[in-house]
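Protein chains in written order, with the working numbering: chain A, 1 to 355; chain B, 1 to 341; chain C, 1 to 509. A virtual CB, placed ideally from N, CA and C, is assigned to each residue, including glycine. None of these values were measured; they are calculated from a predicted model. Report on one structure; see the data block that follows.
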């Protein structure tokens with residue numbers, strides 16, 4: 001009787017989306033207990049409000065970053081820790097261009113489209129740099145992306161002249177806030193767009209298959225005709241583009257760019273989202289939806305911690321612990337140690353029984 | 001086929017570039033800003049004074065890098081150390097000496113946890129120390145989200161102590177001779193450096209570090225205790241991060257959340273520019289010292305220039321780091337090809 | 001002075017099992033002082049297991065080991081123990097640290113000290129003396145990486161010799177060396193031999209064995225075939241023993257295949273002096289449509305390497321390849337694939353399967369890559385293709401979507417085979433396609449190969465089992481020691497001829 005239950009449990013735990021869904025449920029339950037009206041949604045002036053709406057809104061940037069990070073991890077078994085800094089750079093670019101370089105202005109100095117294009121392009125450019133270092137020069141991903149992680153904010157500071165630049169144009173707030181007449185905040189739609197686009201790309205073209213192949217077995221992927229260097233390079237460019245888009249949203253929310261704080265600490269969140277999504281951090285098979293759920297879970301967790309009076313600066317402590325636990329659980333060494341321990345315990349009991 | 005003799009040693013070659021680079025930069029400083037008194041001996045000493053903490057941290061980082069590992073948590077550990085010191089002395093009335101001992105223990109324990117996860121559970125150093133970085137930075141905020149100034153008398157007396165040199169002085173406007181000085185922190189930093197040098201060159205443990213970084217598999221087969229050596233390296237590094245944090249605190253006399261941001265990259269850059277290979281097996285602390293001096297010189301140059309934003313320092317360091325990393329990668333690729341012939 | 005010819009090491013009645021597999025069965029091995037003793041055998045013969053058992057890397061169930069100078073029998077529990085007893089091993093991959101100096105590599109882990117600190121002067125002096133005694137004169141303070149692989153190996157040997165001086169095991173030491181380097185190594189080995197050392201030379205290079213060894217022990221399928229003195233064993237006999245053939249009463253096996261004698265067959269693969277430095281010497285060959293060409297040779301003779309050079313898995317350093325009459329440049333496998341080649345690799349676990357991907361994805365991948373980056377095959381097409389080969393090759397799987405790592409080794413092999421058949425190549429390279437597959441399926445695959453040939457394809461068939469190649473091939477290319485040494489066409493095909501060509505040499509007594 002217990003055997004079938006055991007195998008059933010095993011089957012459920014081995015489902016692809018088990019970890020992310022479980023984590024999300026856990027966090028949601030904790031929130032409902034603390035705040036009974038957690039799931040309430042109200043409409044005021046044709047716009048939705050509520051805790052849930054807020055969480056989904058605020059998780060948009062993270063979802064977008066997690067999408068890029070998922071591909072990077074899957075293809076190269078490494079992480080891109082420059083995404084926070086790159087989003088700051090892209091934010092600096094668009095505010096600078098649209099604001100004409102002024103510290104504070106209330107009209108566009110350049111076409112909106114130009115700003116958007118430039119910011120996303122710069123994000124992609126950073127991705128090209130990272131991809132070049134990792135895929136072509138074969139430098140460890142985290143070291144290569146460490147360079148932009150530190151220098152990136154410097155570059156952003158240069159663009160902004162070391163100050164916070166304000167773009168007090170109502171139109172600009174649309175991206176980070178509300179478009180008149182639309183009941184949900186715009187970032188949600190941007191996130192849906194990015195996720196949707198990526199999902200289509202992965203499902204309608206063989207790229208998803210290629211990324212997984214390269215991540216699982218680079219040697220074999222070469223023998224079936226793939227070019228692992230190119231595929232890994234592309235994944236970093238994509239991550240850069242995502243960071244560029246995230247920068248748009250971040251700056252739009254506050255119609256300004258603060259090069260020191262834009263996208264701060266988001267790289268750890270993105271990695272955590274990917275790990276929580278059930279994706280192995282050493283690469284291979286991946287689940288985009290898993291990462292998305294993971295990102296939303298983290299945002300929910302952040303909200304919960306804020307509610308418990310944990311300040312923004314203190315959050316990383318909890319997240320760091322979670323990362324370590326997840327990574328440790330994925331470790332084959334740990335599994336081996338547990339197996340040895342169990343074997344030892346078993347031989348002890350059988351010896352006792354024999355005695 | 002290029003003969004090895006001309007290249008001397010690849011590693012000495014890289015070190016030579018570093019030393020020459022430093023000399024070139026410093027000389028250009030004297031040329032450009034001689035009128036602003038760049039040529040004074042104190043300017044040279046200030047390089048050491050401002051960067052005593054970095055010298056210690058870079059030393060630890062060098063050791064970790066040689067094992068082909070990495071530790072990007074050191075900046076946050078420095079911040080945590082400063083905050084902890086400040087908090088203990090100001091809010092809990094702990095004596096300066098006790099506070100120092102406590103932070104050293106904390107740093108060592110931190111290094112132990114990271115080292116154990118990396119060495120015994122075989123987890124990627126980057127992920128673990130990335131988590132460590134966020135953990136320590138967060139803990140800094142947990143201790144206090146607001147800045148704490150250190151007012152402890154004993155501590156301040158340490159911070160203000162100066163050793164004067166009996167020569168090399170200049171005459172100031174009032175006609176007094178001002179002699180150049182260094183802080184005791186510099187002496188301590190250089191002592192740490194010397195100890196590390198001896199450890200790496202003259203002890204079995206030190207040589208094991210090089211062996212493991214060069215070829216971990218071979219090291220294992222040769223009978224070296226790889227796990228224990230790696231663990232010990234991270235433990236020492238944690239201790240040095242805390243000690244470097246202490247020296248850092250002597251300079252700033254305060255603890256605040258944003259402190260030492262990007263410090264880890266400065267440490268890594270110093271080591272890499274000093275000739276330490278990211279792939280492991282090669283590196284020496286003297287080179288890292290010069291790497292620190294180069295960073296200090298760049299900062300001084302920018303300071304003296306006056307109009308450039310201080311962010312240029314970070315960008316220049318980033319550019320230099322990129323240059324050296326790419327150079328290392330090219331040299332390594334060339335070596336592979338040479339051997340295949 | 002040690003007596004030459006005295007028994008130095010004796011292993012008796014060694015048994016070793018792995019779960020489900022007998023690795024060694026009642027194996028004896030004797031090594032004498034002052035001799036170089038070759039240990040040979042094909043895949044799965046047990047050579048490396050015997051060495052691992054001797055040096056304490058593996059345990060064993062039954063048997064005794066004795067060493068001159070040690071009372072009674074002993075068991076080594078680790079390589080360190082083996083070293084302490086006087087048995088050292090130098091591996092093919094020179095297990096030293098290239099970043100350290102020559103001197104340091106020799107002394108690492110046992111550095112002489114002065115006042116608690118490492119005494120570098122002594123290290124440098126002692127290692128220079130040691131190397132000089134072995135006729136090696138190099139700068140010991142330079143990092144090991146500055147020296148050629150051959151020299152690095154000699155440093156490894158010097159270290160082994162210094163640590164313990166009785167038995168030296170050299171495990172495939174010459175695989176990456178060129179001829180002059182091999183000579184230098186042999187000089188060193190002869191010098192050590194003259195000093196009374198016993199050397200076990202594990203190798204598959206036939207010529208080298210005859211050049212430097214005194215005795216040979218041959219293993220096959222975990223059992224001892226015999227111990228022989230080198231001058232009493234003609235090459236052909238050695239080859240026969242390694243392959244398990246009794247040379248004297250072999251009947252000539254002739255194989256006839258339907259063939260159009262009057263039609264000049266279309267040449268599909270024309271290789272002209274293709275070489276990949278370090279793995280396969282310059283070779284030229286021709287393969288036509290309807291032909292199944294076998295590659296015969298001992299383990300390590302370069303068969304897989306030749307295939308890889310043709311396919312672009314190892315980009316050739318020189319030579320011209322013509323495919324279907326056109327000159328093509330093959331820089332990477334994709335070029336070969338686009339021209340119409342397929343390649344089933346020898347090591348399916350490391351280079352064949354994508355363990356976590358499904359059966360469907362593993363089968364589709366090559367065809368999909370050929371189609372490009374943008375157009376994905378529809379679900380229906382994928383399912384159809386997958387089912388086609390699951391049926392045709394009788395692949396045992398619960399589902400199309402089962403991760404391929406859950407399939408048995410034989411079924412995994414079939415999946416990879418299906419992958420390439422799906423791309424409908426003009427030229428298919430099969431490297432050990434029936435390894436690890438049950439007998440019934442082996443025959444199926446051989447029949448499939450014949451059918452593909454009669455349909456017009458060109459096939460290269462590499463196998464360690466000569467019978468199955470004889471059953472399917474009309475032509476045999478023979479390799480020895482990383483070089484193509486000859487071709488046997490249909491009328492010349494026989495086990496005798498093959499083995500003679502592999503063996504080479506002059507004797508035919």
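Check your understanding: What's the gap between the Cα of residue 299 (chain A) and the Cα of residue 24 (chain A)?
Key -> In this structure, the CA atom of residue 299 (chain A) is about 10 Å from the CA atom of residue 24 (chain A).
Check your understanding: Does the Cβ of residue 255 (chain C) have 16 or more other Cβ atoms within 10 Å, making it buried, or fewer, making it exposed?
Key -> Here residue 255 (chain C) scores only 38 on pLDDT, less than 50, and its place in the model is too uncertain to base an answer on.
Review point. In or out: residue 18 (chain B) buried (at least 16 other Cβ within 10 Å) or exposed?
Key: The C-beta of residue 18 (chain B) has 16 or more other C-beta atoms within 10 Å across all chains shown, which makes the residue buried.
Practice item. Give the DSSP bridge partners of residue 215 (chain C), in chain order. Key: C:37 and C:229.
Review point. Three or more beta-carbon pairs under 8 Å between the segment 292 to 305 of chain B and the segment 91 to 98 of chain B, yes or no?
Key: Result no; under three Cβ-Cβ pairs closer than 8 Å.
Check your understanding: In its own chain, which residues sit with a C-beta less than 6 Å from the C-beta of residue 274 (chain B), not counting the 5 before and 5 after it?
Key -> Hits under 6 Å: 18, 287, 288, 290 and 291.
Point to revise | Contact residues within the segment 262 to 285 of chain C, judged by C-beta distance below 7 Å to chain A | key: Within the segment 262 to 285 of chain C, contact with chain A at the beta-carbon level (separation under 7 Å) is assigned to no residue.
Exercise for review: Scan the segment 215 to 239 of chain B and note each continuous beta strand (DSSP E) run of 3 residues or more that stays entirely inside, going in chain order.
Suggested key: Under the rule that a run must span 3 or more residues, no beta strand (DSSP E) segment is found entirely inside the segment 215 to 239 of chain B.
Check your understanding: Around the Cβ of residue 374 (chain C), are there at least 16 other Cβ atoms within 10 angstroms (buried) or fewer (exposed)?
Key -> With fewer than 16 other beta carbons inside 10 angstroms of its own, residue 374 (chain C) counts as exposed.
Review point. Closest Cβ-Cβ distance between residue 369 (chain C) and chain A: below 7 Å?
Key: For residue 369 (chain C), the closest Cβ of chain A is nearer than 7 Å.
Point to revise | Through-space distance from residue 285 (chain A) to residue 215 (chain A), alpha-carbon basis | key: In this structure, the straight-line span from the alpha carbon of residue 215 (chain A) to that of residue 285 (chain A) is close to 7 Å.
Review point. What residue from C:450, C:202, C:66 and C:76 has the CA that sits closest to residue 174 (chain C)'s CA?
Key: Closest option to residue 174 (chain C), Cα to Cα, is C:202.
Practice item. Would you please state the rounded distance, in angstroms, between the beta carbons of residue 210 (chain B) and residue 99 (chain C)? I believe it to be under 8 Å. Key: About 6 Å separates the beta carbon of residue 210 (chain B) from that of residue 99 (chain C), a gap short enough to meet the 8 Å contact definition.
Exercise for review: Report the three-state DSSP secondary structure of residue 406 (chain C) (helix, strand or coil).
Suggested key: Helix, per DSSP.
Practice item. Starting from residue 46 (chain B), follow the alpha helix (DSSP H) in both directions and report where the run begins and ends. Key: First-last of the alpha helix (DSSP H) with residue 46 (chain B): 41 to 50.
Check your understanding: Tell me which same chain residues have a C-beta within less than 7 Å of the C-beta of residue 481 (chain C), skipping the five on either side of it?
Key -> Taken in chain order, the residues that qualify are 205, 206, 207 and 301.
Exercise for review: State the start and end residues of the unbroken beta strand (DSSP E) segment that holds residue 41 (chain A).
Suggested key: For residue 41 (chain A), no beta strand (DSSP E) segment is defined, and its DSSP state is neither H nor E.
Practice item. Please list the partners that residue 87 (chain C) has in chain B, where partner means a Cβ-to-Cβ separation under 9 Å. Key: Chain B residues near residue 87 (chain C): none, gap ~14 Å exceeds 9 Å.
Review point. Which class does residue 28 (chain C) belong to by DSSP, given the choice of helix, strand or coil?
Key: Shown here, residue 28 (chain C) sits in a strand according to DSSP, grouped into three states.
Review point. Can you name, in chain order, every residue of its own chain whose Cβ lies under 8 Å from the Cβ of residue 41 (chain B), other than the five neighbours on each side?
Key: Counting only Cβ-Cβ distances below 8 Å, and skipping sequence neighbours, we find 165, 168 and 180.
Point to revise | Chain-ordered chain C contacts of residue 217 (chain B) [CB-CB under 9 Å] | key: Residues of chain C passing the Cβ test: 93 and 95.
Check your understanding: Looking at the C-beta of residue 150 (chain A), does it have a partner C-beta in chain C at a distance below 7 Å?
Key -> Under the 7 Å criterion on CB atoms, residue 150 (chain A) is classed as non-interfacial with respect to chain C.
Review point. Is the distance from the Cβ of residue 73 (chain A) to the Cβ of residue 274 (chain A) below 7 Å?
Key: In contact: residue 73 (chain A) and residue 274 (chain A) (Cβ atoms closer than 7 Å).
Point to revise | Whole-number beta carbon distance between residue 278 (chain B) and residue 140 (chain A), since they are thought to touch under 8 Å | key: That pair is a contact at about 7 Å.
Review point. Between the beta-carbon of residue 213 (chain C) and the beta-carbon of residue 230 (chain C), is there less than 7 Å?
Key: Contact annotation: residue 213 (chain C) and residue 230 (chain C) have beta-carbon atoms nearer than 7 Å.
Point to revise | Within chain B, the residues that residue 265 (chain A) reaches when beta carbons sit closer than 8 Å | key: Ordered by position in chain B, the residues that pass the 8 Å Cβ test against residue 265 (chain A) are 134.
Review point. Residues of chain C with CB under 9 Å from residue 227 (chain B), in chain order?
Key: Ordered by position in chain C, no residue passes the 9 Å Cβ test against residue 227 (chain B), which lies about 15 Å from the chain.
Exercise for review: For residue 178 (chain A), I'd like the list of residues in its chain whose CB is within less than 7 Å of its CB, leaving aside the five on either flank, ordered along the chain.
Suggested key: Same-chain partners within the cutoff: 47, 185 and 186.
Point to revise | Where residue 12 (chain C) sits in the DSSP three-state scheme | key: Residue 12 (chain C): strand per DSSP, three-state reduction.
Exercise for review: Whole angstroms is fine: what's the gap from residue 55 (chain A)'s alpha carbon to residue 301 (chain A)'s?
Suggested key: Going by the C-alpha atoms only, they are around 10 Å apart.
Practice item. Take every Cβ of the segment 48 to 68 of chain A, pair it with every Cβ of the segment 320 to 340 of chain A, and state whether three or more of those distances are shorter than 8 Å. Key: Too few Cβ pairs lie closer than 8 Å, so no.
Practice item. Name the residue from A:341, A:313, A:164 and A:158 whose alpha carbon lies nearest to the alpha carbon of residue 251 (chain A). Key: The residue with the shortest Cα to Cα distance from residue 251 (chain A) is A:164.
Check your understanding: First and last residue of the alpha helix (DSSP H) that includes residue 370 (chain A)?
Key -> No answer is possible for residue 370 (chain A): it lies beyond the span of chain A, which begins at 1 and ends at 355.
Practice item. Figure out for me which residue from C:56, C:446 and C:429 has the closest Cα to the Cα of residue 308 (chain C). Key: Measuring from the Cα of residue 308 (chain C), the nearest candidate turns out to be C:429.
Check your understanding: Between residue 333 (chain C) and the rest of its own chain, which residues show a CB-CB distance below 8 Å, the 5 nearest in sequence each way excluded?
Key -> Excluding residues up to 5 positions away in sequence, 311, 312, 313 and 343 lie with their Cβ nearer than 8 Å to the Cβ of residue 333 (chain C) in the same chain.
Practice item. Pick helix, strand or coil for residue 339 (chain A), following the three-state DSSP scheme. Key: Helix at residue 339 (chain A).
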